[in-house]
Each structure stands twice: as C-alpha cells, then as structure tokens.
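In what follows, a single structure is set out as structure tokens and then discussed.
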Amino acid sequence: VIMSDGDTAVIRVFISDDALTGGVAQSWIVLGFLGAALVVIAALVADRLGRSMVQPVNELSVVASRLGHGDLSVRVDPAGPPEVEEVGIELNRLAERITRLLQDERESAADLAHRLRTPLTAARLSVDGLEDGPHKERLIQDLDELQRTTDFIIREARRPVRRESEE
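Here the sequence shown is numbered in my numbering, starting from 215 and rising by one per residue.
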C-alpha cells in the first residue's frame, strides 16, 4: 500500500489451512449432487421428448399393419409432431378411399351378377323347350353351374371384407 508520504507498506494476512480449505468438500458434494440431478432431469426430458415422437409413429405402424391385414374400420388419431400428424391424416384418408373403392367394386360385381341372371333364365327356358337327350342334360348341367357361380359372385360381393387371418 502506498502511504500519503510516499512510503510503501506491505500488509500480510495469514489464514490457517483449516480456514482456507473449510467448506470446499461440502461445496464439491453439493456441486456433484447438482450435476447428477441435472443429468437425471435431462434424461427424463429427453425420454419424454422421444416418447412424444415415437408413440405416434408406433400407432401409425399398428394402424397400417391392421389395414394391411384387411381391417378397414381402423383409423389413427393424428398426434405428435406436425409431420407425423399429417401422415396420420393422410393414412385415414387412404383407408377411407380404399373402403369406398372396395364398396364400389363389390356393388359393381353384384350388379353385373344380377344382370347375368336375366339371360341365364332365358337360356334355361330355351333349354327346357328342347327334346330330352344327352345334349339337353349337358346344357342343364352347364346352366346349373353358371347359376351357382353367379350366386357365389353375388354372395361374395355382398360379404364384408375378409381379413387375411380368416382366409
């Protein structure tokens, strides 16, 4: 320290080793617990963030699998990040479109089979007018087979969609 008269004075302070190192161990322990707590909190936050992304994708996967196995009634509840939510919405649209297309195709097949019944009945009436013999018998058998096939097509077209596990 420089004094007012220009002389220099030196001040020395002595601290005991106990006073110098006192509380350092406690501080390290507190810092260690704080560090460990922050790591645990960070792991929990990362887990929650990961789940918020993985769970909606898992649900999409389950719904897509069920759709692939023929369960056209299943839909996904769009959730998660915007991109995953958009995929869920589009998957639901796709399922609706597939359902409509299948219904339309089934209706078309049933309608076509119904239309075949009229000429089939006319052919049966024409065959009934033929003389008895092997040709008439063969024609009647062919018409019976055609009738069974037509009935089968109508039944299958009116039936709900089968799942792969039922086939």
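Cβ coordinates follow ideal geometry from the N, Cα and C atoms, glycine included. Keep in mind that this is a model prediction, so the values were computed, not measured.
Are Q157 and L334 closer than 8 Å when you measure CB to CB?
-> In the structure as shown, the chain starts at 215 and stops at 381, and residue 157 therefore has no counterpart that could be examined.
When the Cβ atoms of the stretch 239-259 are set against those of the stretch 268-284, are three or more pairs found closer than 8 Å?
-> no
To which residues does DSSP link T313 through a beta bridge?
-> One-based indexing of the sequence shown puts residue 313 at position 99. Paired residue(s): none; T313 is not in a bridge.
Can you give the Cα-Cα distance for V259 and V301, rounded to whole angstroms?
-> Within the sequence shown, numbered from 1, the residue matching residue 259 stands at position 45. Within the sequence shown, numbered from 1, the residue matching residue 301 stands at position 87. Cα-Cα distance, rounded: 25 Å.
Residue environment, P270, which counts as buried when at least 16 other CB atoms sit within 10 Å | Within the sequence shown, residue 270 is the residue found at index 56, counting from 1. Buried.
Residues bridged to T222 (per DSSP) = As a working mapping, residue 222 is identified with position 8 in the sequence shown. Its beta-bridge partners are I216.
Roughly how many angstroms lie between the CA atoms of D261 and A251, to the nearest whole one?
-> In the sequence shown, the residue the question calls residue 261 occupies position 47. In the sequence shown, the residue the question calls residue 251 occupies position 37. If I take the Cα positions, the gap works out to 15 Å.
Leaving out the 5 sequence neighbours to the left and right, which residues in its chain are closer than 7 Å to L330 when beta-carbon positions are compared?
-> Taking the sequence shown and counting its residues from 1, the one referred to as residue 330 is at position 116. For L330, where only same-chain residues beyond five positions count, the Cβ hits under 7 Å are T364.
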